[in-house]
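Report on the structure given below.
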Amino acid sequence: MRKLPQPEVEALHSDHRHIHGTVFDAEGDVLVRVSDNPAGYTIPPHSHRQIQLLCAFSGVVQINTERGSWMIPPGHGLLIPARLQHSVEMLSDVSIKSVYLLTGHDNLAERMLQVLGVTELAHALIIEAIRLRDALPDDRKLALVLELLTAEIAALPIRPLGLPIPADRRLSALCRAYMAAPSVNERLDDWAAKLAMSRRTFTRLFQRETGLSFVAWRQQASLFACLPRLAEGMPVTQAAMLAGYDNVAAFTTMFRRRLGIAPRNYMKASLAR
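Residue 213 in the UniProt record's numbering is what sits at position 213 of the sequence shown, and the numbering runs on without skipping anything.
Laid out in structure tokens, this is it:
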């Protein structure tokens, strides 16, 4: 990923501060905002007084918090709780559409920090809300669009794309190294040996730190590695190799199990948006 020139980074930081300020000062119960960012840019840690549904309409972003990391591929979003510090890393050129909701939506509580699939209806409503965002506050059509959008957000399907990062320093280092170079040949016993732990002690630690088994976490990390490339049009065979698979069929099975869709169909949907 290319390194952005510092003047460009500063200009992007300035744009983000402006957007953050307008969101903070806004009086509406539901707001929509647009942010287009280049690959390699990271929005510094910040928080909002509203719940944020951050949607990637194109490109792939990674949201990092003290609670873990979440990858947002095209056509997906993440519900971020109010006042939670988070940074946003652009893994490719990204078009972000965000919906901000004032707190009080108890029906969304169980969906916080879960990756959600953005339905065609939600996609269309967000686009229409953006088109109408300069309308008068009492505009009837805007009110109806935002009301329906809020209801649709509560019904968006959950996608298993979270990747918890351990707080334990040594285990975190192993996890981050794996994310940089995934391989299905990595074994739990090898990681336990690197930390001078028994298999049982390591298994307990890994489960406590991530909430996942070692195999489930490894599969998720492999998926993280290949999603940005698939969204950009990389052939499935190459994506499978990047994810550490030398068997395309095994990769496709894992991909379908995790996302409910075959890699080629995912590519078509991503590139069509």
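Yeah, the Cβ is synthetic: ideal placement off N, Cα and C, and Gly gets one too.
Predicted, not measured: the structure shown is a model, and the values here were computed from it.
When the options are compared against residue i, the one with the closest alpha-carbon
i: Arg258; options: Val60, Ala216, Asp168, Gln52; result: Ala216
i: Leu53; options: Pro182, Thr22, Leu31; result: Leu31
i: Ala39; options: Val88, Gly233, Leu188; result: Val88
i: Gln50; options: Pro164, Phe57, Gly28; result: Gly28
i: Gly21; options: His48, Phe57, Ala250, Tyr41; result: His48
i: Asn265; options: Asn247, Leu188, Leu227, Arg176; result: Leu227
i: Phe148; options: Ile127, Asp134, Leu136, Arg256; result: Here residue 148 turns out to be Leu, not Phe, going by the sequence shown. Closest by alpha carbon: Ile127.
i: Gly233; options: Arg187, Ser92, Ala82, Arg83; result: Ser92
i: His16; options: Thr201, Ile43, Ala193; result: Ile43
i: Ala109; options: Ile80, His123, Asp134; result: Ile80
i: Ala26; options: Ile261, Arg176, Leu101; result: Leu101
i: Ala181; options: His18, Leu84, Leu242; result: Leu242
Residue i burial status per 10 Å Cβ neighbour count (16 or more: buried)
i: Arg111; result: buried
i: Leu144; result: exposed
i: His86; result: buried
i: Val61; result: buried
i: Gly59; result: buried
i: Arg159; result: buried
i: Leu142; result: buried
i: Pro166; result: buried
i: Leu136; result: exposed
i: Pro5; result: exposed
i: Phe202; result: buried
CB contact flag (residue i, residue j, <9 Å)
i: Leu78; j: Leu125; result: no
i: Met179; j: Ala231; result: no
i: Gly244; j: Ser183; result: yes
i: Ala154; j: Asn185; result: no
i: Gly211; j: Ser69; result: no
i: His105; j: Thr150; result: yes
i: Leu146; j: Val118; result: no
i: Met71; j: Tyr41; result: no
i: Ala56; j: Pro45; result: no
i: Arg170; j: Leu188; result: no
i: Leu174; j: Leu195; result: yes
i: Phe214; j: Trp191; result: yes
i: Ala82; j: Thr103; result: yes
i: Thr252; j: Pro263; result: yes
i: Glu209; j: Asp246; result: no
i: Asp139; j: Leu132; result: yes
Beta-carbon separation (whole angstroms), residue i vs residue j, contact threshold 8 Å
i: Met254; j: Gln207; result: No, Met254 and Gln207 are not in contact; Cβ-Cβ is about 20 Å, not under 8 Å.
i: Arg229; j: Ala240; result: Contact doesn't hold; Cβ gap of about 11 Å is too wide.
i: Glu152; j: Leu121; result: 6 Å
is_contact[residue i, chain B] using C-beta, thresh 9 Å
i: Gly75; result: You won't find chain B in this structure, because it holds only one protein chain.
Q.
Would you call the segment 1–12 in contact with the segment 48–66, where contact means no fewer than 3 C-beta pairs closer than 8 Å?
A. no
Q) Is there contact here, the segment 18–38 with the segment 96–114, by at least three beta-carbon pairs under 8 Å? A) yes
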